[in-house]
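Report on one structure; see the data block that follows.
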Amino acid sequence: MCSATERVFADRHIGPNEAELAKMLTELGVESLEALAARAVPGSILDSQPGYGLEPGAAFKFPWGQSEHEVLEQLAELAGQNTTAVSMIGLGYYDTITPTVLRRSLIENPAWYTAYTPYQPEISQGRLEALLNFQTMVSDLSGQEIANASMLDEATAAAEAMTLLRRASKNKSDRIVVDADLFPQTRAVLETRAEPLGIELVEADLALGEEGLPPGDFFGVVLQQFGASGKRLPVKEIVAAAHGREALVAVGTDLLAATLVTPPGELGAEVCYGSAQRFGVPLGFGGPHAGFLATKQAHARQLPGRLVGVSTDADGHAAYRLALQTREQHIRRERATSNICTAQVLLAVLAAMYASYHGPDGLKAIARRAHGHAAAIAAALGEALVHDTFFDTVLARVPGQAAAVVAAAKLGGVNLRLVDADHVAVSCDEATTDDHVATVLQAFGLVAAEPRAQAEIADRTSPYLAHPSFNRYHSETAMLRYLRELSDKDIALDRSMIPLGSCTMKLNAAAEMEPISYAGFARIHPFAPETDTVGYRKMIKGLEAELAFITGYHSVSLQPNAGSQGELAGLLAIRAYHRSRGDEHRDVCLIPSSAHGTNAASAVMAGMRVVVVGCRENGDIDLDDLRAKLASHGDKLAAIMITYPSTHGVYEAAVTELCGLVHDAGGQVYIDGANLNALVGLARPGHFGGDVSHLNLHKTFCIPHGGGGPGVGPVAVGEHLAPFLPGHPLRDGLGGGGPVSAAPFGSASILPISWAYIQLMGFSGLRRATLTAIASANYLARKLDQHFPVLFTGAGGFVAHECILDLRQITKETGVTAEDVAKRLADYGFHAPTLSFPVSGTLMVEPTESESLEELDAFVAAMVAIKGEIDQVAKGVWSAEDSPLRGAPHTARAVTADSWDRKYSRQVAAYPKIASASPRPKVWPGAARIDGVAGDRNLVCACPPVESYAE
0 MCSATERVFA DRHIGPNEAE LAKMLTELGV ESLEALAARA VPGSILDSQP GYGLEPGAAF
60 KFPWGQSEHE VLEQLAELAG QNTTAVSMIG LGYYDTITPT VLRRSLIENP AWYTAYTPYQ
120 PEISQGRLEA LLNFQTMVSD LSGQEIANAS MLDEATAAAE AMTLLRRASK NKSDRIVVDA
180 DLFPQTRAVL ETRAEPLGIE LVEADLALGE EGLPPGDFFG VVLQQFGASG KRLPVKEIVA
240 AAHGREALVA VGTDLLAATL VTPPGELGAE VCYGSAQRFG VPLGFGGPHA GFLATKQAHA
300 RQLPGRLVGV STDADGHAAY RLALQTREQH IRRERATSNI CTAQVLLAVL AAMYASYHGP
360 DGLKAIARRA HGHAAAIAAA LGEALVHDTF FDTVLARVPG QAAAVVAAAK LGGVNLRLVD
420 ADHVAVSCDE ATTDDHVATV LQAFGLVAAE PRAQAEIADR TSPYLAHPSF NRYHSETAML
480 RYLRELSDKD IALDRSMIPL GSCTMKLNAA AEMEPISYAG FARIHPFAPE TDTVGYRKMI
540 KGLEAELAFI TGYHSVSLQP NAGSQGELAG LLAIRAYHRS RGDEHRDVCL IPSSAHGTNA
600 ASAVMAGMRV VVVGCRENGD IDLDDLRAKL ASHGDKLAAI MITYPSTHGV YEAAVTELCG
660 LVHDAGGQVY IDGANLNALV GLARPGHFGG DVSHLNLHKT FCIPHGGGGP GVGPVAVGEH
720 LAPFLPGHPL RDGLGGGGPV SAAPFGSASI LPISWAYIQL MGFSGLRRAT LTAIASANYL
780 ARKLDQHFPV LFTGAGGFVA HECILDLRQI TKETGVTAED VAKRLADYGF HAPTLSFPVS
840 GTLMVEPTES ESLEELDAFV AAMVAIKGEI DQVAKGVWSA EDSPLRGAPH TARAVTADSW
900 DRKYSRQVAA YPKIASASPR PKVWPGAARI DGVAGDRNLV CACPPVESYA E
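Numbering that gives the first Met the number 0 applies: residue 0 is where the sequence shown begins, and numbers increase by one.
And the structure:
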């Protein structure tokens, strides 16, 4: 318990104080938060056990709210129970040295980690430039023409590569060849993703080159340039042979090795995939790490994930934006073969800045050191060396002695990889030292030997990273200023409220963020011995139990490293459950027309057929249409996916009836947890009809969005689905299903954030946060409804945690659009709400519990001022085209130009007046209105080449 004199953490997390909250509740006509709950939330779902385990004799004891000092002490103790041994395990995870300037000025900087996905590019130019650097880095090093702005991890990137090959291939076979030396976690994720899509994996020994390819047709080949054993494969020969059989090729690519060896893109491979983890991103027990996918320009429009491109703004200047953004926002829905809402932006930015800090020569030097240490071990192994074509990993044959060698190295503080009873693998990296090599040789009973003759590995002749972005910032001063220059072009939570509906941009407290930098969390390999991960496993077990209790479910898996992955894992569990009962024919997934696009995409990826259920005029799911669809599809029903509260921002009163109808038809109920911030402490999906939910820890449980990732999307299930949760080939004791992510516990290193949030808030704090979020949303709805009608409300005129403002009539009467309002808000210092989702021509607003009444009133004042500008258009003072709304946002360069020919003043453009209690600091947009259509037509998705710079 906190001391009597210490202010509890919940008071710091929740924005409105008691006096402010009282004003808000008076505006709503209710006397307390509990009265608001009774008015806004259907009684049929309200928790009948509000004590949440705090009552005497409860089987589960939910944590009390604790002080920051107490929680940080506990996390330090947990981190201390993990053993930070020297990791030489490999398998795609390597120790790396994060430059301190990047840790301090990027990873630990809220200007970077509290930013949102850059759907509003004019106020996201900094992180967009950083992501363009990432794309350039990946395409340069992989030898491909275009790369995306990151994937979740290497294994899921390989799975996306597989489906891209299938879409692009003219060969209509359902078979794909997979090399036997793939990382085992990559192979396992490929199996998980392939089976529901009807893809057959055929294993082959591609070390044999063309001879290793199997007979018969196949549409593609997946391999790694350097296999799990470390052996270099004959990529050029394999690609040529595959092309001769009308198949396409995807190659796992090590970006560090690519500074020395000819990259797969130059050898003819259509796709390169991999992880940028070893570019300064800590091991973190498996994540978060930035995966990548790169391909030929011909496949650009089939490339999954986000893609940063270059267009021009209204003033004619080059500007960055998300290319093909409409595709991203709608997630391809029922036509999906990929769920492209997958990115690790913050980690991609870190990797790109690592490349900028070291530059091409520095990266090559790091690669040579890693290879040199591996070569030293290989020389000492002599005849025990299995192969002599490697980059950083050597494989030793020690018949019957492998376990003894690994144990001996462990005594010396080094973790090696036990392959089997006769083989040990050793991987070297940036952090490997001569002392580490000596310890390894001692474990083998060997002494250092003279370097042996071997084929020269460095055969790359093409240039890379010649752009100034990778050659200007090698000093700490230069890098520090570059990071500041970029962040100044963005609006993140450190500068403004981000009132995004459905995205829950709440406080990411410094006390929650601090522990992710502890060595005991950051420097742990995901496949380290269990004796090394005692603290991690305690924290994970506790977090799983707390999340299960909060949601009312039986079991939780923390493996999914994004909400999209959580959706897939939950639907795969439903699919496996039906199949275990002999109901293979149940393959229909009902999805409301208002649902997130990710829902339909996940259902398709899980091998289900999507059938859309209509919504009524008030936004609720149409139960009559649901009954008709249930009757039509009979025993083919697998599940329904609903979001609760609904995507329209209301608590649908008939949710329990809906769940009953689906259960009676033999289906399962998937309740999307995207809006769980309106339920925690009030209602539990597992108690009011849900069979499975995914949770967005980067929304409700305070993991920051980081500009579009990292995210964590754990899946929670009822007892009957627990056996089908994700498993992992390298970890026992997990679920019986296939893995959906590369690491057993996904993005484990950021789980301390959510663990800390729950301990800090306790039950009463979590419940108060939920109720305050509801109060704040309803306060904004009441204040703005007379200016911008609120489209949907529930019983009694209340919304849930968000509201949708309808601008369609305004657009019809004046020509001013919702996009105009979104852009104009930047001039007022605010990030825009969610634009045109789930209803075109609207703005969806979610204030969260973390914003003070002063900030809420400032947002109201800005919106009212904008409505005044719209009224001026309606009166004919300006046309819509000549108004500051259409001219927005206004850059400093524009308003200080020598000429000014607009119909309104420079002051109106840059310093619009609002009736706010206090002036807001000016935020200058990084670009004027950007032409998205032109950018999509003319994709430029890498830094332009600078031929003269390298000279």
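All residues carry an ideal CB built from backbone N, CA and C; glycine is no exception. Keep in mind the model is a prediction, meaning the values are calculated, not measured.
Bridge partners of residue i, per DSSP?
i, result
"residue 132", "DSSP, once it has assigned bridges, lists no residue as partnering residue 132."
"residue 307", "321"
"residue 478", "Answer is none; residue 478 lacks a bridge partner."
"residue 640", "669"
"residue 678", "Note: residue 678 sits in no beta bridge, so no partner."
"residue 174", "199"
"residue 686", "The partner list for residue 686 (beta bridge, DSSP) is empty, contrary to what the question assumes."
"residue 834", "842"
"residue 389", "230"
Can you say whether residue i is buried or exposed, counting buried as having 16 or more other CB atoms within 10 angstroms of its CB?
i, result
"residue 935", "buried"
"residue 460", "exposed"
"residue 912", "exposed"
"residue 580", "exposed"
"residue 876", "exposed"
"residue 698", "buried"
"residue 191", "buried"
"residue 466", "buried"
"residue 495", "buried"
"residue 96", "exposed"
"residue 932", "exposed"
So, residue i versus residue j, is the Cβ gap smaller than 8 Å?
i, j, result
"residue 524", "residue 123", "no"
"residue 275", "residue 292", "no"
"residue 749", "residue 711", "yes"
"residue 198", "residue 165", "yes"
"residue 280", "residue 263", "no"
"residue 536", "residue 282", "no"
"residue 1018", "residue 684", "Residue 1018 is absent from the structure shown; the chain starts at 0 and stops at 950."
"residue 687", "residue 106", "no"
"residue 855", "residue 763", "no"
"residue 681", "residue 769", "yes"
"residue 303", "residue 151", "no"
"residue 714", "residue 886", "no"
"residue 318", "residue 310", "yes"
"residue 423", "residue 446", "no"
Just tell me which of the options has its CA closest to the CA of residue i.
i, options, result
"residue 468", "386, 506, 151 and 133", "133"
"residue 119", "820, 778, 362 and 742", "820"
"residue 898", "581, 314 and 8", "314"
"residue 773", "614, 595, 557 and 503", "503"
"residue 548", "29, 61, 625 and 33", "61"
"residue 542", "516, 691, 700 and 662", "700"
"residue 149", "72, 178 and 294", "294"
"residue 16", "940, 930, 884 and 852", "852"
"residue 157", "177, 171 and 143", "177"
Straight-line CA distance for residue i to residue j?
i, j, result
"residue 103", "residue 507", "16 Å"
"residue 394", "residue 186", "20 Å"
"residue 248", "residue 437", "39 Å"
"residue 7", "residue 379", "59 Å"
"residue 328", "residue 498", "Confidence in residue 328 is poor, its pLDDT being 49 and thus under 50, which makes the residue's placement unreliable; the coordinate value appears in the next sentence. Distance between the alpha carbons of residue 328 and residue 498: 17 Å."
"residue 618", "residue 94", "50 Å"
"residue 923", "residue 505", "23 Å"
"residue 490", "residue 221", "40 Å"
"residue 959", "residue 244", "In the structure displayed, the chain extends from 0 to 950; residue 959 sits before or after that span and is not available."
"residue 577", "residue 637", "7 Å"
"residue 480", "residue 354", "16 Å"
"residue 362", "residue 258", "7 Å"
"residue 914", "residue 829", "15 Å"
"residue 734", "residue 168", "34 Å"
Check whether the Cβ of residue i sits closer than 7 Å to any heavy atom of the ligand FMN, and report yes or no.
i, result
"residue 136", "This structure does not include the ligand FMN; it has no bound ligands of any sort."
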